[in-house]
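Residue numbers (UniProt numbering): 1 to 602.
Given below as structure tokens:
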């Protein structure tokens, strides 16, 4: 098949909301190759030896230990997994880079942050936007851990509004260098990095510009003290001050005025990698929680036998299962896009940029969903430990604190929620995703006579897949009506955008779980996938509940009179099960497996 035809057939980012995805079309963790499994196991062995065993030290603000571990990770090639081989990296595929990020990040948020800041926003901008000379000069040092990178975007007055930064870059009269002056804050790896990606404004440009700045404290660079933070205690985080710091003109990154684009595209990758970085953390938290529950005896019974605890263990496992499914589903979609672009003649830079940009909606969805799941997971972990969970001597307290930052960096979850819907609307306006046709069909369905036929739900997950179709109609009904009512002013109605985003997020996550379970049941046998099927059904039930709540909130806030009544009736129809699942039974099926294995071993 011709490459152009392949691209035409390949699903586009955001298209899941208007298109039925078949189970056999998605990638799941059960599809890892032998090479990927070997890489996963080597990362786990490294983490257990170098990080997990020293967890207490990371709570003591041991920045030297973080630097030492990062250097060892570089020696083993883990810092260069996403870097092309010609720049001393491993040149691995996108799924494999997600896998390394997943398993290297679970033991402590300090290493997760240092690793993410270095390999993602510290290295990637040069890989994707640098000139050949810049890449040859800097990437090999960053890929091997000889040097470490940091990313200077945020300023006291420029957080979510990243393009409003005041840091200035002034070109010298002879054009040989720029002088950068300004203040950056919350800079991860600042204490031990060798290189900064700095964003500054040239003259009165509309957008900021990116620069590669070597860290030389005698060149007008100074730093504040290490920040006192709620969590990630051994992650070096400082303010960085530039005072007429000289930067060679050839170190301008990308194009003048193009820094905002660099920053946003780097964050797209950062968002999906952040989701990956929360996965093994959840596995380890659940492992510690179930082990404690099996050992802790009250009323002559291990607390893992009590329904209240079993419910928590089951829902923690369900979240992990779903988050794995969605993260690796999206990462393979991105990988496929990258590969097809390379086949069509794009450079590595262009292919990766466009591949990730295509699925920016899913990157934002995953960032929100998985960062909130790790917070719930650690919170329930504390609750299972009881009073001991509140003690700094137990592992849950530090895990809970480390998890909290995930909802803030790489764009706050509020920003990412609004972005996900905003980007989808823009795609529709460009004709990349047909929202108008499906939205009109839903509107027509609302005014038509509903079918009273009894559906055939004898096939595996038939009712669940029918429910997913209806949930997509809910999004089209709510978001479509809101967009029609407010038009270009929709972005000014943030609470409606947030409600629509939650519907979008819940649909994607639940669908990912259902498709993973269906694919595995089809190839491994339904009986062997009893636990996976239970997790997928439970996740869908939770999604239906939340979507019903958020859609109702939106409908009663922007619709009135007969329109409101019609939409509420439609909502009731679109969120109604013919046969409700037995939620307690589903949780017990999951809990039995977790308690017996004494860990998450799905």
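Built from N, CA and C at the ideal position, the CB exists for glycine as well.
Nearest by alpha-carbon distance to residue i: which of the options is it?
i           : options            : result
residue 239 : 230, 223, 254, 250 : 223
residue 173 : 249, 204, 107      : 249
residue 362 : 291, 184, 56, 276  : 276
residue 150 : 235, 108, 460, 405 : 235
residue 153 : 210, 206, 57       : 210
residue 162 : 98, 261, 251, 194  : 261
residue 190 : 217, 558, 200      : 217
residue 67  : 485, 193, 405, 26  : 193
residue 124 : 510, 350, 566, 513 : 350
residue 563 : 528, 215, 499, 485 : 485
residue 359 : 435, 338, 374      : 338
residue 322 : 391, 283, 447, 452 : 283
residue 494 : 557, 510, 307, 112 : 557
residue 519 : 319, 29, 19, 16    : 29
residue 313 : 18, 601, 188, 22   : 601
residue 199 : 20, 40, 53, 253    : 253
In chain order, what residues of the same chain have a beta carbon less than 6 Å from the beta carbon of residue i, not counting five sequence neighbours either side?
i           : result
residue 469 : none
residue 396 : 381, 382, 385, 389
residue 1   : Low confidence applies to residue 1: its pLDDT is 43, below 50, so where it sits in the model is not reliable, and the reading given next is rough at best. So no residue of the chain qualifies.
residue 121 : 151, 266, 270
residue 115 : 104
residue 98  : 276, 331
residue 335 : 93, 94, 95
residue 581 : 537, 541
residue 80  : 89, 90, 143
residue 559 : 567
residue 140 : 87, 88
residue 82  : 97
residue 370 : 275, 278, 323
residue 129 : 253, 254, 262
For the alpha helix (DSSP H) containing residue i, list its first residue and its last residue.
i           : result
residue 348 : 348 to 358
residue 563 : 561 to 574
residue 62  : Residue 62 -> no alpha helix (DSSP H), and no H or E assigned at all.
residue 114 : 109 to 116
residue 101 : 94 to 104
residue 136 : 132 to 144
residue 437 : 436 to 447
residue 586 : 583 to 597
residue 124 : 124 to 129
residue 394 : It is not in any alpha helix (DSSP H) - residue 394 carries neither H nor E in the DSSP assignment.
Counting only the same chain and skipping the five closest in sequence on each side, list residues whose C-beta sits under 7 Å from that of residue i.
i           : result
residue 593 : 531
residue 436 : 428
residue 175 : 249
residue 303 : 293, 296, 309
residue 290 : 304, 313, 594, 595, 598, 599
Please work out which residues of its chain come closer than 8 Å, Cβ to Cβ, to residue i, disregarding the five sequence neighbours upstream and downstream, and give them in chain order.
i           : result
residue 46  : 72, 73, 76, 78, 104
residue 502 : 417, 546, 547, 550
residue 463 : 455, 457, 577, 578, 579
residue 491 : 418, 422, 497
residue 205 : 256, 257
residue 135 : 87, 126, 127
Could you please give the first and the last residue of the uninterrupted beta strand (DSSP E) stretch that includes residue i?
i           : result
residue 410 : Taken as a continuous stretch (DSSP letters only), residue 410 belongs to no beta strand (DSSP E), as it is neither H nor E.
residue 222 : 221 to 223
residue 197 : 195 to 202
residue 178 : 177 to 188
residue 604 : The first residue shown for the chain is 1 and the last is 602, placing residue 604 beyond what the model contains.
residue 162 : Counting along the chain, residue 162 falls outside any beta strand (DSSP E), and DSSP gives it neither H nor E.
residue 168 : 168 to 171
residue 150 : 149 to 152
Round the Cβ separation of residue i and residue j to the nearest angstrom and send it over; I've been treating them as touching at under 8 Å.
i           : j           : result
residue 368 : residue 505 : 6 Å
residue 438 : residue 471 : Contact doesn't hold; Cβ gap of about 13 Å is too wide.
residue 460 : residue 534 : Contact doesn't hold; Cβ gap of about 13 Å is too wide.
residue 197 : residue 242 : Not really, about 13 Å apart at Cβ, beyond 8 Å.
residue 14  : residue 538 : Residue 14 to residue 538, Cβ: 26 Å. No contact.
residue 281 : residue 106 : 4 Å
Item to check | Contained beta strand (DSSP E) runs [length at least 3] in the region 480 to 538, N- to C-terminal order | outcome: none
Checklist entry - Which runs of the alpha helix (DSSP H), 4 residues or longer, sit entirely within the region 249 to 323? => result 259 to 277, 279 to 295
Item to check | Length-filtered (4 minimum) alpha helix (DSSP H) runs lying within the region 4 to 54 | outcome: 34 to 50
Next on the checklist: Which complete beta strand (DSSP E) runs does the region 204 to 247 hold, if anything under 3 residues is left out?
Outcome noted: 209 to 214, 221 to 223
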